[in-house]
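Residue numbers (our numbering), protein chains in the order written: chain A, 53 to 357; chain B, 6 to 135. Glycine included, C-beta positions come from ideal geometry on N, C-alpha and C. These figures come from a predicted structure and were not determined experimentally.
If you want it as structure tokens, here you go:
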């Protein structure tokens, strides 16, 4: 019920939401009333395991597409940075996302026009299918993730000019007319050990994702040269930046009940701070205590002066 | 204990020990470790991380006086009294989780995309009697 535009019961963002290819035959006694399903996406697959029929279909689960190995490596690294060994989200994280989705392009058409004077021009058509993003997952940030081929030496300084455009335009929305569907930018970076580059395309993709676009079709043109114009190093030696088509990373805030809401636990901790409440000050605002303390401190110092 | 010359027919009754069995039951309500591997459930093909999951569980007897120790509401004690004194068909309080911690999971979706998601209330961290 959380999938956009569809009322499919088992296609949810809940834990154990797959394998959805398995036939679901839940004992009528175990079925939840319709109104209760919305917040209980965890239950159907758990019920499948518990029911006798579920056990059989569980074992004959349909095979699923295997992800790209580079993408898998990146997400494993993200997992290690985000969670402890026991799998508990790390407490020091200040971000608001509780979901990160990585999509590899469905199809791409590569056009390469080699021009040694101007650098390596690499044009790629990318199609991303965002069916797995549910209506309750709100976009916070979107990133194109590139990896370099191994021929680029580490600590190389690279300057790229990029042009990003959406292939199809959506004129269906009367309320929000289509904004800019192409952007051009230049970026400069140093090649590090892991050779990943993340390009923030949030402002570019947000209007498309907000209008529930299932398929994002874009063209990306990259022209990259080694060197840094700000350091007055000569731009030369064209490099093949994107042998591997980029992946699309979406940082999302899942607002469904089963997702972990970090701000909820922070608010709970602030309400029970463990330190005594100051007598002469108003109640500490859980969302703005830092600002109030600063302003009170400033007033106190002004009085002293 | 005034007849010092005679040996007592029965050993002196230790009231402290007698009452302890009520206040501090032997198998008291507490958190127990339980760890499972997703391969046991044959979910390891689509759950990449973590490899193991420790949901934990609560088990044990609830004392008659719960209040402060387990953070139980007063109703728990009332239900205990009802069970003992009035109607034994009313269930006595049970040892259940009171607090949970979340779990981060990395999974492969059917379309081959990869998702990192943080789920709430996946690991029991504290028990209570309710």
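Could you tell me the distance, in whole angstroms, from the CA atom of residue 300 (chain A) to the CA atom of residue 263 (chain A)?
18 angstroms
Less than 9 angstroms separating the beta-carbons of residue 20 (chain B) and residue 55 (chain B)?
no
Got a sec? Which residues, its chain only, sit under 6 angstroms from residue 239 (chain A) by beta carbon, not counting five neighbours each side?
Result list for residue 239 (chain A): 212, in chain order.
Strictly by DSSP, which residues pair up with residue 42 (chain B)?
B:57
Assigned secondary structure, residue 75 (chain B) (DSSP; H/G/I helix, E/B strand, else coil)
helix
Alpha-carbon spacing of residue 87 (chain B) relative to residue 98 (chain B), whole angstroms:
11 angstroms
Starting from the C-beta of residue 256 (chain A), find all residues in its chain whose C-beta is less than 7 angstroms away, skip the five residues before and the five after it, and write them out in chain order.
216 and 235
Helix, strand or coil at residue 164 (chain A) [DSSP, three-state]
Residue placement at residue 164 (chain A) cannot be trusted, given a pLDDT of 43 that sits under 50; the coordinates are not used to answer.
What distance in whole Å lies between the Cβ atoms of residue 121 (chain B) and residue 127 (chain A), which are believed to be in contact at a cut-off of 8 angstroms?
6 angstroms
So for residue 264 (chain A), helix, strand or coil by DSSP?
Residue state, collapsed to three classes: coil.
Near residue 60 (chain B), which residues of its chain fall below 8 angstroms by C-beta distance, leaving aside the five closest residues on each side in sequence?
39, 41, 127, 128 and 129
Taking any Cβ of chain A, which residues in the region 115–133 of chain B have a Cβ under 9 angstroms from it, in chain order?
So the close ones are 115, 116, 117, 118, 119, 120, 121, 122, 123, 124, 125, 126, 127 and 128.
Kindly indicate if chain B contains any beta-carbon less than 9 angstroms away from that of residue 191 (chain A).
no
Residue 276 (chain A) to residue 214 (chain A), Cα distance in whole Å?
Take the alpha-carbon of residue 276 (chain A) and the one of residue 214 (chain A): they are about 8 angstroms apart.
Answer with buried or exposed for residue 270 (chain A), where buried requires no fewer than 16 other C-beta atoms within 10 angstroms of its C-beta.
Of the residues assessed, residue 270 (chain A) falls on the buried side of the cut-off, its CB having 16 or more other CB atoms within 10 angstroms.
Along the region 85–106 of chain B, where does the CB come closer than 9 angstroms to a CB of chain A? Name the residues.
106
Residue 191 (chain A) and residue 267 (chain A) closer than 9 angstroms at C-beta
no
What are the boundary residues of the beta strand (DSSP E) that residue 129 (chain B) is part of?
That run of the beta strand (DSSP E) goes 119–134.
Starting from residue 128 (chain A), trace the alpha helix (DSSP H) both ways and give me its first and last residue.
121–134
Contact residues within the region 121–139 of chain A, judged by C-beta distance below 9 angstroms to chain B
123, 124, 126, 127, 128, 130, 131, 132, 134, 135, 136, 137, 138 and 139
Considering only their Cβ atoms, is the gap separating residue 306 (chain A) from residue 188 (chain A) smaller than 9 angstroms?
yes
Please tell me whether residue 6 (chain B) has its Cβ less than 9 angstroms away from any Cβ of chain A.
The predicted position of residue 6 (chain B) is uncertain, since its pLDDT is 48 and thus under 50; no value can be drawn from it.
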